[in-house]
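> Can you keep this structure in mind? I'll have questions shortly.
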Amino acid sequence: MGAGMGARSVTLRGRSSFVFGTAALVAAAFVIVLVVGAAPSVTRAATGFAAGPTSREQAASSTTATEIAPETRALPTEVPPAPPRWTSLSSTQAVEMQGAKVILAPAGSEPLNANGPRPKVATMLHGMCSDVEWSCEAVQASLPDGFVLACPTGNASCGDRADWTGDGETKARHLDDVVGRALRSVDLGDAQDGSEILMGFSRGAFVARDVAYARKHKYRALVLIGAAITPDPAILRDNGIEKVVLASGDFDGAAKTMRAARKKLTAAGFDCRFVSLGRVYHALPSDSGERLREAMAWAAR
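Per numbering that gives the first Met the number 0, the sequence shown starts with residue 0, numbered consecutively.
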């Protein structure tokens with residue numbers, strides 16, 4: 000009996016050793032799996048460099064990288080704006096608009112070309128109930144090269160022609176509007192600002208004076224033709240007018256007043272010239288452009 004008990008005890012001990020041995024092997028294998036699985040992370044943490052990802056990491060990170068990294072696109076190159084252009088004005092044209100018309104005429108011997116310098120503007124104002132084309136044509140040849148002549152109709156009607164009404168500000172606004180629109184139609188809107196000559200014949204000369212009084216530093220020279228008018232030198236100087244040209248026919252009733260006005264302006268230290276239009280009465284003779292040319296070149300400088 001003692002021998003049997005001893006044999007059974009040995010058997011149990013053998014089985015226990017086997018069980019414990021098997022458990023130890025399983026535990027060791029589990030530890031190895033954990034260590035191997037953590038190896039990439041351990042390697043990255045230890046070295047500071049990213050070890051090559053596993054296939055599972057690659058699959059997960061490929062989507063993540065695409066979602067996180069923004070798409071790289073070349074930014075469009077900003078194209079600088081083209082320099083302002085203007086339309087060639089090789090011949091006289093009429094710009095029609097509601098309630099008004101503006102004649103635009105190239106001046107001087109050289110045609111105005113869009114590839115050349117932007118022209119300056121001279122504005123000619125017609126007389127009472129007058130034909131705007133006639134007064135425009137009469138003085139067109141007086142202007143030097145590099146000018147465009149703008150001849151607007153007045154702000155009041157006179158049968159099938161035009162006239163002027165209102166105070167200086169009213170008439171100045173009319174010119175700002177219609178001349179500005181006409182110049183913009185040939186891309187010359189900015190040419191209206193400064194460096195201009197303002198001209199007028201008969202009632203148009205009185206309008207020119209009123210507008211020059213109402214617009215500071217818009218016009219540099221004032222040309223008054225056939226009007227018994229004596230501009231105030233102090234107001235002209237304060238408003239930026241630098242030169243004045245007075246002109247009339249020898250038999251025009253306004254001639255005496257205009258010659259006296261020239262003396263008054265000169266005595267006040269103002270640059271002023273008087274031009275005779277010849278042995279005519281109240282008119283713009285066909286050679287007006289030729290007679291005025293020298294004085295206009297002086298006024299334009």
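We treat Cβ as the ideally placed atom computed from N, Cα and C, and that holds for glycine.
(1) Taking L235 as the reference, give the member of A161, R290, D270, A226 with the closest Cα.
(2) For P284, which beta-bridge partners are listed by DSSP?
(3) How would you call S156, buried or exposed, if buried means at least 16 neighbouring beta carbons within 10 angstroms?
(4) Would you decide whether K217 is buried or exposed? Buried here means 16 or more other CB atoms lie within 10 Å of its CB.
(5) What are the partner residues of Y218, as DSSP defines its beta bridges?
(6) Look up L187 in the DSSP assignment and say whether it is helix, strand or coil.
(7) According to DSSP, is A49 part of a helix, a strand, or is it coil?
(8) When burial is assigned at 16 or more other CB atoms within 10 Å of the CB, is A294 buried or exposed?
(9) Please report the Cβ distance between L124 and L103, rounded to the nearest whole angstrom; I am assuming they are in contact, meaning their Cβ atoms lie under 8 angstroms.
(10) Measuring alpha carbon to alpha carbon, tell me which of P116, G126, E95 ends up nearest A282.
(11) Can you tell me whether R121 is buried or exposed? The criterion is at least 16 other CB atoms within 10 Å of its CB, across all chains shown.
(12) For R292 and V94, I'd like the C-alpha separation in whole angstroms.
(13) Let me know if T164 comes out buried or exposed under the rule of 16 or more other beta-carbons within 10 Å of its beta-carbon.
(14) In angstroms, rounded to a whole number, what distance separates the CA positions of A260 and L223?
(15) What does a CB cutoff of less than 6 angstroms around A140 pick up in its chain, not counting 5 residues either side in sequence?
(16) Under three-state DSSP, which class holds M257?
(17) Just to confirm, are A149 and S129 a CB contact at a threshold of 9 angstroms?
(18) Quick one: grab the DSSP three-state call for S275.
(19) Taking E241 as part of the beta strand (DSSP E), name the residues at either end of that continuous run.
(20) Following the continuous beta strand (DSSP E) through A204, name the residue where it begins and the one where it ends.
(21) Could you check what DSSP says for A299 in three-state terms: helix, strand or coil?
(22) Please classify F200: is it buried, with 16 or more other beta-carbons within 10 angstroms of its beta-carbon, or exposed?
(23) Whole-angstrom Cβ separation of F205 and L245, contact assumed at under 8 angstroms?
(24) Within 10 angstroms of the Cβ of G203, are there 16 or more other Cβ atoms? Answer buried if so, exposed if not.
(25) Quick one: what's got a C-beta closer than 6 angstroms to R214's C-beta in the same chain, skipping five residues either side?
(26) If you measure between the beta carbons of L197 and A211, is that distance less than 9 angstroms?
(27) Strictly by DSSP, which residues pair up with I102?
(28) Measure the C-alpha to C-alpha separation of A254 and V243 and round it to an integer number of angstroms.
On the basis of the coordinates in this document:
(1) D270
(2) In the DSSP output, where bridge partners are listed per residue, P284 has none listed.
(3) exposed
(4) buried
(5) E195
(6) coil
(7) Residue placement at A49 cannot be trusted, given a pLDDT of 44 that sits under 50; what the coordinates show is reported in the next sentence. Reduced to three states, the DSSP call for A49 is coil.
(8) buried
(9) So it is not a contact: roughly 15 angstroms between Cβ atoms.
(10) G126
(11) One point to set straight first is that residue 121 is Ala, not Arg, in the sequence displayed. Answer is buried; the Cβ neighbour count reaches 16.
(12) 26 angstroms
(13) exposed
(14) 11 angstroms
(15) G288
(16) helix
(17) no
(18) strand
(19) Element bounds for E241: n/a, residue is neither H nor E.
(20) Element bounds for A204: not the beta strand (DSSP E) but the alpha helix (DSSP H), 202–213.
(21) helix
(22) buried
(23) Not really, about 13 angstroms apart at Cβ, beyond 8 angstroms.
(24) buried
(25) A171
(26) yes
(27) A93, C150
(28) 15 angstroms
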